[in-house]
Structures are given as structure tokens and as C-alpha cells.
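The sequence shown maps to residues 1 to 392 in full-length UniProt numbering.
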Amino acid sequence: MAAPDKYKILGGFHKYYKGVENAPCMTLFVGGNHEASGYNRELHLGGWVAKNIYFMGYSNVLKYKGLKIGGISGIYMQHNYNNNYNETPAMFGKNSMHHVRKFEVEKLKQYRGDLDIFVSHDWPTLITDKRNGEKELATLLKIKPYFKQDIKKGELGSPVSNDILERLRPAWWFSSHLHVRHRVNVNWSGSSVEKNKDEINVSDSENENADKPYQMPQRKKTRFLALDKCLPGRKYLEIIDFELDEHTDVVDTLQYDTEWLAILKTLQKHIPSGDQILGKDLDPEAEKFWNNIGSDVMREIATEKDKLEQNSVSLMVPDNFSMIAPAVDGDFNENSRIPRGYAQRPYRESNMVGRPNTDSHLLGGGASKFYHNPQTELFCSKFDIPDIFKDY
Ligand SMILES: [Fe+2]
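In C-alpha cells:
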């Protein structure tokens, strides 16, 4: 976890991990900048971190009860955006672990479906554009006057989340990070991004689905909501009702999304893996690919989607959480500090599955191990998607 030492206390999550407590309702989350970054990496394509609590991975689109929900983890930092995933397990406490990479943004930008919800940790910079509500902006600046300079420069939040927001135009977008409640509508009609500047013509395609120019969702506005920190007296919880079309296929369990699976099947193999992970920058071929995702890739995605639909693959996310790492026990309470090196105590074969990384030379003082999570292994083998961290 990347945070000052004073914040490194146990907290309550271990109770959910051990099953002493259970989340009362299905809970989806994306990663922020103070997460257990090693644990998130095990589940980088999505997975249960505890019973009923699902990490969406570094990016994802899922379905739940008729709603299509997209998300991206991490925060934007320009100096790491174009890097590959170059952290080894010994570096799991580093800030770069939670910095958004170009791969995830590009994957989401290929998505053509209509999203009900999108979740990011930091706000798209467009949110504080005064065209989306001068009154709301004035209220925000009254609470957080020190945001003014960044807003003026258009630097409060993530510019790459703007690309996703403008492309996907979900009905709702939820964020956090800035520790304040803020609610605005991003209006698409009459906005500078109203014209389909990203329209992509793939009319040379032989595939029927890919043979149409891309149209952005015809939505007039995206409702944006950010909430405050979860502390007494703060505005940290709101309940929102969604009305579903009567024809919507409502399934009570979490479901994979066919188009997203097709995107992963097409693009995941182009993320540098193996030795290249250890390099600082993307190799030139990969860089060229990710800077120019063209119509041939869109056709491949459409073909993969067709294949998945024709094969009627089960899209149910399996309810397969299992503990694979040692959990604290004994005399700890939520304010306890974890002794340095605790994560390195002997691996207890008896009540865990999966393979621990036993390369002890990679483990610095108190650094995390990398556990190969069986959820990721199952997902990758079921859908024939490469696991870019399999050689860790
Ligand atoms: Fe944050």
C-alpha cells in the first residue's frame, strides 16, 4: 500500500477476507491510490477480493441486474501513463502500481455498448469545466478554494478519463478521490464534443457488425456524482434508483460482458509481458500498436464477439472467492500496526490454494508477495485470454 506509515493500520477488511463479516449486498469497486496494490494485481482482470466484494480489475465492463457497468482503476500520472507494467513483486508498495496505463484507456475506448454506469477513482477533468454548471463549480470552490489553480489550467483530475467519458457517455459516472461531494450534469448537446470526432469508419470490413461507422451513444447528458470520505458527518453515501426497460434481461448474478471479453481476447495479447515487464518503456512495436488501434483491430473484436455469442458461452461470473494468502489472526484490532515483514511469514499450505511466489530475493522489507490467484487463472483459461503476470 502506498501511503504514509501513519495510515498503515490494519482496518476492517481482514474480517471480510476471512469471512468473519460478509458484505450485505453485491459490492463492486475500482482501485484508487491507497489500495493493496499487490492484491489488486492478482485480480487485474477482475475478481472477488472477499465474499460479495468484487474488484473490477484495472478496467472492465460487467453486467448486474440489467445494468451495464464499466470501470477503470488508479489515478492518472503522466510520467507513468505510457509505461508497461514494470513493477516486480518487490516494488508492490510503489506509487506507480496505481497509476493508470494507456492499455486500459485504449481497451475501454474500443467499447461500443451503451453503459448505465462508469466508475473511476479520480475525476475526468471535464467535470470542472464551467460549461457543466457554474453554480456547482462556485460551490465546489467555496469548499475547496485550493482547487482553483488546477481547474483554471484544466488539470484537476484525469485527462485520459475525459477520453473515456466523451467516447462512452454513460448515463452515470461515479468518482471519488477529491474528498468532497460534487454533482453535475455533463451536457452533450451543444458541447464542443457533440460532433462524433471519434467516429471511425470501418466500411472496408467483411464483418457485418464491424461494417458500420461508430456512433456515440445518443445521450443528452451524463450525470456525475463524487462523494466525500467515509467519515462521520461527511456526505459519503447516496442511494440511486435505476429504471429498467421492461425488455431488459435482468439476471441476479454478476455477468461478464461479451463485447468486453472480445476486447480482452483481441487486445490483451498486445500488452508487453514476460521480460518486457521489467523494462522501463514500451517496446517500439507495442507503442506503435497502442498509438494506432485501427479498423483491423475493430474487425477482430467484432469477430471475437460473434464467436462468443454463437458459442453461447456461460457469462456468469463464478462465485469462487477463496483465501489464498495468510490472514492476520490473534491479538490484532483495527488500529493495530502490521509488524514489518508480516506478509513474509511462512505460507500455510493447509488452508490455502494457489501458488505463492517463493522468490524471496524479490521481497524487500515488508514488501508483498505475488500470489497467482486461481480466479485469474480460471478466467484466462476459460476465455483463452493471456495472463500478462503469469511469469511473476
Ligand atoms: Fe484517492
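We put the beta carbon where it would ideally sit given N, CA and C, even for glycine.
All of these numbers come straight from a predicted model, not from anything done at the bench.
Task: Rounded straight-line distance, which links the Cα of D391 to that of T266 - done: 21 Å
Open item on the list: Is it buried or exposed, G12, if we count other Cβ atoms within 10 angstroms and call 16 or more buried?
Closed with: exposed
TODO: Measure the beta-carbon distance from H177 to H121 and round it to whole angstroms, keeping in mind my assumption that it falls under 8 Å.
DONE: 5 Å
Open item on the list: Less than 9 Å between the C-beta atoms of A50 and F321, yes or no?
Closed with: yes
Open item on the list: With a threshold of 8 Å, are at least 3 pairs of Cβ atoms found where one atom belongs to the region 123–139 and the other to the region 147–166?
Closed with: yes
Open item on the list: According to DSSP, is T27 part of a helix, a strand, or is it coil?
Closed with: strand
Task: Validate contact between the region 108–120 and the region 70–89 using beta carbons, cut 8 Å, 3 pairs - done: yes
Task: Span of the beta strand (DSSP E), counted from its first residue to its last, around K63 - done: 59–64
Open item on the list: Per DSSP, what are the beta-bridge partners of I69 in this structure?
Closed with: I69 is bridged to L62, I117.
- [ ] Pull every residue with its beta-carbon under 5 Å away from any heavy atom of ligand 1, and keep them in chain order.
- [x] G32, N33, H177
Task: Buried versus exposed, by CB contacts within 10 Å (16 or more), G93 - done: buried
Open item on the list: Quick check on Q218: does DSSP put it in helix, strand or coil?
Closed with: It is coil, neither helix nor strand.
Open item on the list: Contact defined as beta carbons within less than 8 Å: I believe V184 pairs with F242. What is the distance between those atoms, to the nearest angstrom?
Closed with: At roughly 19 Å, the Cβ-Cβ gap does not stay under 8 Å, so V184 and F242 are not in contact.
Task: Reduced DSSP secondary structure (H/G/I, E/B, other) of I293 - done: coil
- [ ] Sort out for me which residues DSSP pairs Q149 with in a bridge.
- [x] The beta-bridge partner set that DSSP reports for Q149 is empty.
Open item on the list: Measuring only the C-alpha atoms, how far is T128 from G66?
Closed with: Our two residues, T128 and G66, have alpha carbons roughly 30 Å apart in a direct line.
Task: Distance, H14 Cα to S189 Cα - done: 46 Å
- [ ] Would you list the residues sitting across from A50 in a DSSP beta bridge?
- [x] A50 pairs with I53.
Open item on the list: Measuring only the C-alpha atoms, how far is A2 from K8?
Closed with: 9 Å
Task: Q110 - DSSP class collapsed to helix/strand/coil - done: coil
- [ ] Output yes or no for whether 9 Å exceeds the beta carbon distance between M323 and G19.
- [x] Contact flag set, yes.
Open item on the list: Could you check whether N60 and W260 sit closer than 9 Å to each other, using their CB atoms as the reference points?
Closed with: yes
Task: Distance between F55 and E42 (C-alpha atoms, nearest Å) - done: 10 Å
Task: Contacts around P272, its chain only, beta-carbon distance under 7 Å, and the 5 residues preceding and following it disregarded - done: N84, L282, D283, A286
Task: Euclidean distance between Cα positions of V30 and H182 - done: 19 Å
Task: Residues near N187 in its chain [Cβ-Cβ closer than 8 Å; skip 5 each side] - done: In chain order, R131, N132, K220, K221 place their CB closer than 8 Å to the CB of N187, counting only its own chain and leaving out the 5 sequence neighbours on each side.
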